[in-house]
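The structure appears below as structure tokens.
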Amino acid sequence: MANKPSVGIIGTINYDRIIGNGFLLEDLGGIMYNLLGIHYLSRGQIQLKPAANFGYDIKEKLSAYLEGKCNIDCSGLYELKTNNPCVELRDIGEKGKDENLKHRVSKLTWGKISHLLACDMILVNFISGYDVGLGTLMKLRDAYNGIIYMDIHSLVLGIDKDGRRFYRRPDNWKRYLGIPDIIQMNFKEAMTFFYPSQPFRRPTPSLIEALGTNLMSFEPKMAILSLGSKGAVLFYSENSTFKSHHAIPGLKKTRRGEATGCGDLLSAAFMVALLLGGKPEESLDYSVAVATEKFLRPGLAASSELSPFKRNNPNQPKNRH
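Residue numbers for the sequence shown follow our numbering, beginning at 770 and rising by one.
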């Protein structure tokens, strides 16, 4: 590994319009949470190579966020002569958010991601669900010897004629799950894969264990199941033994915060911790602490306020177990 580890990030940059509990927030989103998250959480110690198509209408705002960050290689950001994807997110209680999408950008082709093969780790974050095609991902898996980290996100969301998102199990879903070395999804996403008619069931311990067993049957090195206010569970194998670790946030359930970007910051923090020497369980503890911090700090700009990773630092954000 080079002096500075490197991460490639494949996905979509959204323009988010978030209608929350008494507030309206508009800003960039999508993989920008991963990009700025890794930048700030690592204090610039990780080289970043994003790959994304974006609409001409966000160019000025995008440039302002990336200006002066010399560890970010912007050569894989491709401006298109179309409007950028705009997502309106409205809180609807226990079922999460009502999500409405306007405008789309084209999928990333092999020619637009092949430069990432020299990276130590590649994150594939399905922000739109159609960010990159299955054939291109299979080609990436065949050509790449490093770690592929996949965040399922909107891969399990269809889009109706009015732009609203809905849960459905994607075609060829087993092929997707066979690609990554590290896979992340939330409880509803996992339920959509393995119990597609029941995505809104409550997460009981036995159901969480069953989902972990199903995920590990696809033989990733690690699988992360995020559980919102209940933290996240890491599943992995050690010496042929199936293990799990539940990181619980040091925060009682509250409606004071806003969840947009929390999952993306969880993946950003987990990658930062692993690449800077953290053990898997330590990395998950840190990731859940960062996602909890983010929940209380709505908006992309708050990424700069999150606690950077410092291994074995007594002031590191802690979780209650």
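Note that the Cβ used here is the ideal one computed from N, Cα and C, for glycine as well.
By the three-class DSSP mapping on this structure, what secondary structure does T973 have?
Taking the first residue of the sequence shown as position 1, residue 973 is located at position 204. Three-state DSSP puts T973 in coil, outside helix and strand.
What residues are listed by DSSP as bridge partners for K871?
For the purposes of this step, residue 871 is taken as residue 102 along the sequence shown, with counting starting at 1. DSSP lists C855 as partners of K871.
Tell me, which residues are paired with K1012 by DSSP?
Start at 1 with the first residue of the sequence shown, and residue 1012 comes out as number 243. Per DSSP, Y1005.
So, do the segment 969-983 and the segment 943-960 have three or more beta carbon pairs nearer to each other than 8 Å?
Contact holds: three or more Cβ-Cβ distances are below 8 Å.
Assuming I896 and G799 form a contact by the criterion Cβ under 8 Å, report the distance between their Cβ atoms to the nearest whole angstrom.
Locating residue 896 in the sequence shown gives position 127, counting from the first residue. Locating residue 799 in the sequence shown gives position 30, counting from the first residue. 4 Å between Cβ atoms; contact.
Going along the chain, which unbroken runs of the beta strand (DSSP E) with 3 or more residues stay wholly within the segment 925-955?
Within the segment 925-955, the complete beta strand (DSSP E) runs of at least 3 residues are 926-928, 934-936 and 951-955.
Suppose the cutoff is 6 Å on Cβ atoms and the five residues either side in sequence are ignored; what does the same chain contact list for A1038 look like?
Here the question's residue 1038 lines up with position 269 in the sequence shown. Around A1038: L810, Y1055, S1056 and V1059.
Measure the alpha-carbon distance for A1070 versus T781 and round it to whole angstroms.
In the sequence shown, residue 1070 corresponds to position 301, counting from 1. In the sequence shown, residue 781 corresponds to position 12, counting from 1. Near 18 Å, if we compare the C-alpha coordinates of T781 and A1070.
Output needed for E795: all residues of its chain with C-beta closer than 8 Å, excluding positions within five of it in sequence on either side, in chain order.
On the sequence shown, position 26 is the one that residue 795 refers to. Excluding positions up to five away in sequence, the list reads Y784, D785, R786 and I787.
Between the beta-carbon of P965 and the beta-carbon of G789, is there less than 8 Å?
Along the sequence shown, one-based indexing puts residue 965 at 196. Along the sequence shown, one-based indexing puts residue 789 at 20. No.
My output table needs one value for I861: the three-state DSSP class, helix, strand or coil.
Here residue 861 refers to the residue found at position 92 when the sequence shown is read from its first residue. In this prediction, I861 scores a pLDDT of 45, lower than 50, which makes its location untrustworthy; the coordinate-derived value is nonetheless stated afterwards. If DSSP states are grouped into helix, strand and coil, I861 belongs with coil.
Among R873, R812 and D842, which has the Cα closest to the Cα of V856?
Here the question's residue 856 lines up with position 87 in the sequence shown. Taking only the C-alpha atoms, the option nearest V856 is R873.
At the 8 Å Cβ level, is C855 part of the contact set with chain D, yes or no?
In the structure shown, chain D does not exist; there is a single protein chain.
Using CA atoms only, rank isn't needed, just tell me which of V893, F935, S1036 and K828 is closest to N869.
For the purposes of this step, residue 869 is taken as residue 100 along the sequence shown, with counting starting at 1. Looking at the Cα atoms, F935 is the closest of the given residues.
Could you check where the alpha helix (DSSP H) with E1062 kicks off and where it finishes?
On the sequence shown, residue 1062 is found 293 positions in, with the first residue counted as 1. Taken as a continuous stretch (DSSP letters only), the alpha helix (DSSP H) holding E1062 covers P1049 to F1064.
Terminal residues of the continuous alpha helix (DSSP H) containing F1039?
In the sequence shown, counting from the first residue as 1, residue 1039 sits at position 270. C1031 to L1044 is the span of the alpha helix (DSSP H), which, as asked, contains F1039.
Whole angstroms are fine: how far does the CA of C839 sit from the CA of L1003?
Along the sequence shown, one-based indexing puts residue 1003 at 234. Along the sequence shown, one-based indexing puts residue 839 at 70. Cα to Cα, the separation comes out at about 33 Å.
DSSP state of K818, grouped into three classes?
As a position in the sequence shown, residue 818 is number 49, starting the count at 1. Note: K818 maps to strand in three-state DSSP.
With distances taken between CB atoms, is the gap from G1026 to L1065 smaller than 8 Å?
Within the sequence shown, numbered from 1, the residue matching residue 1026 stands at position 257. Within the sequence shown, numbered from 1, the residue matching residue 1065 stands at position 296. Yes, the Cβ-Cβ distance between G1026 and L1065 is below 8 Å.
Within its chain, find whatever has a CB closer than 6 Å to the CB of L926; leave out the 5 residues flanking it on each side and keep chain order.
Translated into the one-based positions of the sequence shown, residue 926 becomes position 157. If we look at L926 and ignore the five residues flanking it on each side, its Cβ neighbours are G898 and R934.
Within the same chain, show all residues whose beta-carbon is closer than 7 Å to that of E1074, passing over the 5 residues directly before and after it, in chain order.
As a position in the sequence shown, residue 1074 is number 305, starting the count at 1. Counting only Cβ-Cβ distances below 7 Å, and skipping sequence neighbours, we find R1066.
For N894, count neighbouring Cβ atoms within 10 angstroms of its own Cβ and tell me buried if that reaches 16, exposed if not.
The count along the sequence shown starts at 1 and reaches residue 894 at position 125. With 16 or more other Cβ atoms within 10 Å, it is buried.
Return the CA-CA distance between S1072 and S1009, expressed in angstroms with no decimal places.
Numbered from 1 along the sequence shown, position 303 holds the residue referred to as residue 1072. Numbered from 1 along the sequence shown, position 240 holds the residue referred to as residue 1009. Between S1072 and S1009, the C-alpha separation is close to 38 Å.
Alpha carbon to alpha carbon, what distance is there between A1028 and K1063?
Position 294 of the sequence shown, counted from the start, is the residue given in the question as residue 1063. Position 259 of the sequence shown, counted from the start, is the residue given in the question as residue 1028. Those two C-alpha atoms are separated by around 8 Å.
Can you tell me the Cβ-Cβ gap for C808 and L797, rounded? I've got them flagged as a contact below 8 Å.
On the sequence shown, residue 808 is found 39 positions in, with the first residue counted as 1. On the sequence shown, residue 797 is found 28 positions in, with the first residue counted as 1. Per the sequence shown, the amino acid found at residue 808 is His instead of Cys. The pair is not a contact, with the Cβ atoms about 14 Å apart (cut-off 8 Å).
Using only the alpha-carbon positions, how far apart do N914 and N853 sit?
For the purposes of this step, residue 914 is taken as residue 145 along the sequence shown, with counting starting at 1. For the purposes of this step, residue 853 is taken as residue 84 along the sequence shown, with counting starting at 1. Taking the straight line joining both Cα atoms gives about 33 Å.
Let me make sure I understand the geometry here. Which of R937, W942 and E988 has the alpha-carbon closest to that of L903?
Reading the sequence shown from its first residue, position 134 is the one you call residue 903. That would be W942, whose Cα lies nearest to the Cα of L903.
Below 8 Å on the Cβ atoms is my contact criterion, and I expect L892 with D920 to pass it. Report the Cβ-Cβ distance as a whole number of Å.
Counting from 1 along the sequence shown, the entry for residue 892 is found at position 123. Counting from 1 along the sequence shown, the entry for residue 920 is found at position 151. Yes, L892 and D920 are in contact; Cβ-Cβ is about 7 Å, under 8 Å.
Among the candidates A887, E836 and K871, whose CA atom is the shortest distance from the CA of D931?
Within the sequence shown, residue 931 is the residue found at index 162, counting from 1. Per the Cα distances, K871.
Excluding sequence positions up to five away, which residues of its chain have a Cβ less than 6 Å from the Cβ of Q953?
Numbered from 1 along the sequence shown, position 184 holds the residue referred to as residue 953. Only D920, I993 and S1036 meet the Cβ criterion.
If I measure Cβ to Cβ from P774 and keep anything under 6 Å in the same chain, skipping five residues before and after, which residues do I get?
In the sequence shown, counting from the first residue as 1, residue 774 sits at position 5. Closer than 6 Å at the Cβ level, and outside the excluded window around P774, lie I815, D889 and L1044.
Nearest-angstrom Cα distance between I820 and K876?
As a first step, residue 820 must be located in the sequence shown, where it is residue number 51. As a first step, residue 876 must be located in the sequence shown, where it is residue number 107. What sits at residue 820 in the sequence shown is Ala, not Ile. Taking the straight line joining both Cα atoms gives about 11 Å.
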